[in-house]
Structure formats: structure tokens, C-alpha cells
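What the sequence shown shows, in this note's numbering, is residues 1255 to 1670, in sequence order.
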Amino acid sequence: MNLSPVIIAIPIYFLLMGIELIVLRFQKNPSYRMNDAITNINLGVVSQVSGVFIKVLSIGVYTFLYEQFAFFEIQNNIWTFFILFFLYDFCYYWAHRKSHEINLFWGGHVVHHSSEEYNLSVALRQSSTQTIWTFFFYLPLAFIGFDPVFLVLVSGLNLLYQFWIHTEAIGKMGFLEKFMNTPSHHRVHHGRNPKYIDKNHGGTFIIFDKWFGTFQEEEEKPTYGITVPVNSWNPVWVNLSHYATMKEEMKQIPNWSDKIRYMFNKPGWLPDYLGGYRGVKEVDENYRKFDTTVPKALNYYVFFQYVVLMGITAYFLFNLENFDWPLKVGLSFLIVWSTVSFSGIFEQSRMYHVQEIARVALFLIAAWYIGLDFLPQNIIIIVLSMYGFSSYFWLWKNENVVKKFQKSITNEQQHA
């Protein structure tokens, strides 16, 4: 079984999000939207699934260096745990800071900042490529001699700590504000206001920002998101959009030296002959969050399918060691495709209906294959028949609802 702290804590994540939702409702704070929250969780799902393959690189390199080149043999105990926890957060600070200050690395981290809301679901909005650009910041810990198993534990706990600070339900926390990262400090980090850009990079502790000049107190309420909104619910596109922009901008740069400078300079940098650095501007007073509207019946359909997908995803992540590589790849593809299909429903893409019909069919096949391991065949037939029938009937009914909904929207626009 997968004993990663991040995976084990999944049920707690959803419990805390439910509590936050109730608290925010009492506070009359509308910071949850279904399309945004599901996209956040989708990105977390895609990150965990892709991490099955990418972490082989990062943990593999760390383990190799530890076994071959460690200077010391550090014992695993409570004291070395605390030392490693502190040193890991120091490395995290620099990995995180450089993810904001280097354009190529920002392509991996921008995903986390692209939500225009701020709630606990945003903590799950993780990139699928960030590990590629940041894993080497932690390699000095291998040379010092910290056990890879201990490192995985500490990294998981560091990430767990950062979950609860993604909320507006908690104000300032007095004495803790002096040395710990708190919701107030991290709200600043997610702000796109010029004064808040590239501030408060700490994971667990805020002291590194205070030492190295990147600390900013929360003053006016931040406007969340990135300076050029991604305007999509598609988790794959959210992961790739910055790299796509980089590709287009690099086409305008004629020489290789400036192309390399473009990749490793601050986001927004261009050569002087193309206009130079594009600084962060104040948020336009006419700024509106990206949103799309679909009939309630379709939202309920997505929510139902999402609960089913979460069950399959949890089973996949908890039982990785039981799957061979072809099955890992196949289930990973199905999970990622499902998240993309849900985004197509939210965005009402042209092919969403056909795509969802095909996805449900493939989902039935996968569920049948998995279910044979622990359920009687007749039970599987009954359950999957009910799921397939309800899904296709719901889709058919929704197709008519969507047509009426789109017609009413068109009529409203014509009369506006």
C-alpha cells in the first residue's frame, strides 16, 4: 500500500474542505465555485498520477547520490528529523523562489497560482511538471547523508502543512505570524497585485523570507490569480499553457543567446529590441474572473461522475505496487482523460457529449477489470449496469436541457 503522507491524508483534505465551505457560508464569503474547485482537484489528481512516473526520476537520483556520495551516515531519529525538516524547508524556499524568478521554472509552478479563488481546494492545484525543475534543489541533503525514506516523509509533511494555509476563513494568528507561514502570509503569496508579487515563498516557516528580503505583510485583500489568466478548466492545458506562450514568444527572438536568456530570466522578460521587461501592472478595475455557466443538471452529472472517479483514483494511488506498468499507464490515461472530459462539459466544448459517451464506456471496462479482484461477478454486473445506464440516461436528458439552455442564453444576448 502507498504510505505517502499526502496520499493517506486525502480523506482529511475533503473533510476539511467541507468544514471550510460551511464556515465560509456563515461568513458570507463566496470563494468556492464548482467549476474552479473541481479544476483545482483535477489538477491535483493529474499531478499525483503523473508523479507516479516523474518521481521515479527525482527519488531515483536522490537515492543514487545518497548511496554513492553521502559524506556522513546520519541516523534516523527524532533530532535528525527536526534538523532535516528545517533544512528541507530551507531548500524548499529556494526551489519555490526560483520557480517564481526563472521563466522556465515558472512554467511548472504557475499552475498552482492560476486559480482566481483562494480556498483549501487551491492547495490541491498542483503542477505535473514542477518536480522536473526543482528536485535538484534538495540534492545537497543527499550529499550530507539524509536517508531518502526520511526525506520522502519530511517532504510529505511539509506539503501537508501547506494545505491548511490556503484559506480566507482564518485571519491573522498573532505570535505565530513572526516565524511560521500562516494563511495571512500565504494569501499575500497568491496575490497578483504588484506589491504582493514574488513574496512569502516559505513552506512551513516564514523566517527565510524575512532573512532574504522577500517578506510582505498582508495589507489590503489580495486579488488572486496570475497576471495573464489562463481562462480554461482543462487541467492538461493549464499545465501546458505557459510553455505554449514561451514557445510563441521564443519564435520572435532571433538569436540563441537571447532565447536562453528568455528561458532563465524573470517571467515577463524580453530583449530590449522587442520591448524589454514587461512589469506587473495594477489590477484593472474592470477585471472579472473567468467563469462559464452550465445548467444545474449538468453540474450534478459532473459531481456524480467525479465522486466515482475519486474512488478509482484513490484505489489506483493506494495500490500502485500491485499494478504492472501497462496497467499503470492505462489507468493513468483514463483518469487524466476523465478530468479533461469534465472540463469539456464545463466549457461546453463541441465534442463534450461524444467524448463523455466514449469515456464512460472505457470507464466501465476498467472498472470491470479492477472489480474482478475483489467482488463477485454478478455484483459487478449489477453495479456497472446501474452506473452505465444512469450515466447514459443522464447524458441523454442533459443534452436536451443544454440545447434549451444555450438557446435561452443566445436569446438573452440578442436582446441585451
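In this text, a Cβ means the ideal position worked out from N, Cα and C, and glycines have one as well.
Own chain residues within Cβ distance below 8 Å of Met-1605, not counting five before or after: Counting from 1 along the sequence shown, the entry for residue 1605 is found at position 351. So the qualifying residues of the chain are Gly-1598.
Three-state secondary structure assigned by DSSP to Gly-1479: For this step, residue 1479 is matched to residue 225 along the sequence shown. Coil.
Among Asp-1512, Phe-1577 and Met-1271, the one whose alpha carbon lies nearest that of Tyr-1531: Taking the sequence shown and counting its residues from 1, one reaches residue 1531 at position 277. Shortest Cα-Cα distance from Tyr-1531 to any of Asp-1512, Phe-1577 and Met-1271 involves Asp-1512.
Bridge partners - Met-1434, DSSP secondary structure assignment: For the purposes of this step, residue 1434 is taken as the residue at position 180 of the sequence shown. Its beta-bridge partners are Phe-1459.
His-1363, enclosing alpha helix (DSSP H) - first and last residue: Your numbering for residue 1363 matches position 109 in the sequence shown. Here the alpha helix (DSSP H) through His-1363 covers 1357–1367.
Nearest-angstrom Cα separation, counted from Phe-1433 out to Tyr-1478: Here residue 1478 corresponds to residue number 224 of the sequence shown, with the count starting at 1. Here residue 1433 corresponds to residue number 179 of the sequence shown, with the count starting at 1. Distance between the alpha carbons of Tyr-1478 and Phe-1433 is about 24 Å.
Neighbourhood of Ile-1264 by C-beta distance below 7 Å, restricted to the same chain and skipping five residues each side: Taking the first residue of the sequence shown as position 1, residue 1264 is located at position 10. Excluding sequence neighbours, Ile-1264 sits near Ala-1568.
For Gly-1445, the three-state DSSP class (helix, strand or coil): Locating residue 1445 in the sequence shown gives position 191, where the first residue counts as 1. In the three-state reduction of the DSSP assignment, Gly-1445 falls in the strand class, which pools E and B.
Under 8 Å between C-beta atoms of Phe-1391 and Trp-1360: As a working mapping, residue 1391 is identified with position 137 in the sequence shown. As a working mapping, residue 1360 is identified with position 106 in the sequence shown. No; because the gap between Cβ atoms is not below 8 Å, this pair is not in contact.
Nearest residue (CA-CA) to Glu-1601, options Val-1406, Trp-1491 and Ser-1301: Numbered from 1 along the sequence shown, position 347 holds the residue referred to as residue 1601. That would be Trp-1491, whose Cα lies nearest to the Cα of Glu-1601.
Alpha-carbon spacing of Ile-1460 relative to Glu-1471, whole angstroms: As a first step, residue 1460 is located in the sequence shown; it is residue number 206 there, counting from the start. As a first step, residue 1471 is located in the sequence shown; it is residue number 217 there, counting from the start. Rounded to whole angstroms, the gap between the alpha carbons of Ile-1460 and Glu-1471 is 11 Å.
For Met-1427, three-class secondary structure by DSSP: Residue 1427 sits at position 173 when you count from the first residue of the sequence shown. Here Met-1427 carries a coil assignment [DSSP, helix/strand/coil].
Backbone CA spacing between Asn-1652 and Phe-1558 [nearest angstrom]: Position 398 of the sequence shown, counted from the start, is the residue given in the question as residue 1652. Position 304 of the sequence shown, counted from the start, is the residue given in the question as residue 1558. Their backbone Cα atoms lie some 14 Å apart in a straight line.
Sub-8 Å separation of Thr-1468 and Arg-1351 beta-carbons: Looking up residue 1468 in the sequence shown gives position 214. Looking up residue 1351 in the sequence shown gives position 97. Against a cut-off of 8 Å, the Cβ pair of Arg-1351 and Thr-1468 comes out as a contact.
With 16 other Cβ atoms within 10 Å as the buried cut-off, status of Asn-1576: As a first step, residue 1576 is located in the sequence shown; it is residue number 322 there, counting from the start. That one is exposed.
First and last residue of the uninterrupted alpha helix (DSSP H) at Met-1517: Taking the first residue of the sequence shown as 1, we reach residue 1517 at position 263. Met-1517 -> alpha helix (DSSP H) spans 1510–1518.
For Ile-1636 and Asn-1456, the rounded distance between their alpha carbons: What you label residue 1456 is simply residue 202 of the sequence shown in a count that begins at 1. What you label residue 1636 is simply residue 382 of the sequence shown in a count that begins at 1. Reading off the sequence shown, one finds Gly at residue 1456, where the question assumed Asn. Rounded to the nearest angstrom, the two C-alpha atoms are 51 Å apart.
Alpha-carbon to alpha-carbon, Thr-1421 and Gln-1667: The residue labelled residue 1667 in the question sits at position 413 within the sequence shown. The residue labelled residue 1421 in the question sits at position 167 within the sequence shown. Confidence is the limiting factor: at Gln-1667 the pLDDT is only 48, short of 50, which leaves the residue's position unreliable, though a coordinate-based value still follows. A straight line joining the alpha-carbon of Gln-1667 with that of Thr-1421 spans about 36 Å.
As assigned by DSSP and simplified to three states, the class of Trp-1622: Here residue 1622 is taken as the residue at index 368 of the sequence shown, counted from 1. Here Trp-1622 sits in helix by DSSP.
Tyr-1346 versus Met-1640, Leu-1297 and Thr-1458, residue with shortest Cα-Cα distance: Position 92 of the sequence shown, counted from the first residue, corresponds to residue 1346. Ranked by Cα distance from Tyr-1346, the first of Met-1640, Leu-1297 and Thr-1458 is Thr-1458.
Where Gln-1322 falls, given that 16 or more other Cβ within 10 Å makes a residue buried: Here the question's residue 1322 lines up with position 68 in the sequence shown. Counting C-beta atoms within 10 angstroms of its own C-beta, Gln-1322 has fewer than 16 neighbours from the protein chains shown and is therefore classed as exposed.
Thr-1547 classed as buried or exposed, judged by whether at least 16 other C-beta atoms fall within 10 angstroms: Within the sequence shown, residue 1547 is the residue found at index 293, counting from 1. When all chains shown are included, Thr-1547 counts as exposed.
With 16 other Cβ atoms within 10 Å as the buried cut-off, status of Gly-1425: Along the sequence shown, one-based indexing puts residue 1425 at 171. Gly-1425 comes out exposed.
Proximal residues to Pro-1402 (C-beta, below 8 Å), its chain only, five neighbours per side dropped: By one-based count along the sequence shown, residue 1402 stands at place 148. Hits under 8 Å: Ile-1313, Tyr-1316, Thr-1317, Tyr-1320 and Ala-1396.
Sub-8 Å separation of Val-1303 and Ser-1586 beta-carbons: Taking the sequence shown and counting its residues from 1, the one referred to as residue 1303 is at position 49. Taking the sequence shown and counting its residues from 1, the one referred to as residue 1586 is at position 332. For the 8 Å CB-CB criterion, Val-1303 and Ser-1586 form a contact.
Cβ shell of Phe-1400 (< 7 Å), same chain only, five flanking positions each side left out: Working through the sequence shown from its first residue, we reach residue 1400 at position 146. Correct list, in chain order: Ile-1328 and Leu-1338.
Supposed close pair Leu-1626, Ile-1633 - CB separation, criterion 8 Å: The count along the sequence shown starts at 1 and reaches residue 1626 at position 372. The count along the sequence shown starts at 1 and reaches residue 1633 at position 379. Distance from Leu-1626 to Ile-1633 at the Cβ level is roughly 11 Å; contact not present, criterion being Cβ atoms closer than 8 Å.
Backbone CA spacing between Asp-1545 and Glu-1371 [nearest angstrom]: Within the sequence shown, the letter at position 291 stands for residue 1545. Within the sequence shown, the letter at position 117 stands for residue 1371. In a straight line, the C-alpha of Asp-1545 is about 11 Å away from that of Glu-1371.
Minimum C-alpha distance to Arg-1446 - residue among Asn-1294, His-1354, Lys-1309 and Ser-1285: For the purposes of this step, residue 1446 is taken as the residue at position 192 of the sequence shown. Shortest Cα-Cα distance from Arg-1446 to any of Asn-1294, His-1354, Lys-1309 and Ser-1285 involves His-1354.
Chain-order list of residues whose beta-carbon lies under 8 Å from that of Glu-1473 (same chain, five-residue window excluded): Stepping through the sequence shown from its first residue, residue 1473 is reached at position 219. Excluding residues within five positions, the ones whose Cβ falls inside 8 Å are Lys-1449.
Cα-Cα separation between Gly-1362 and Val-1534, rounded to whole angstroms: For the purposes of this step, residue 1362 is taken as residue 108 along the sequence shown, with counting starting at 1. For the purposes of this step, residue 1534 is taken as residue 280 along the sequence shown, with counting starting at 1. The straight-line gap from Cα to Cα measures roughly 20 Å.
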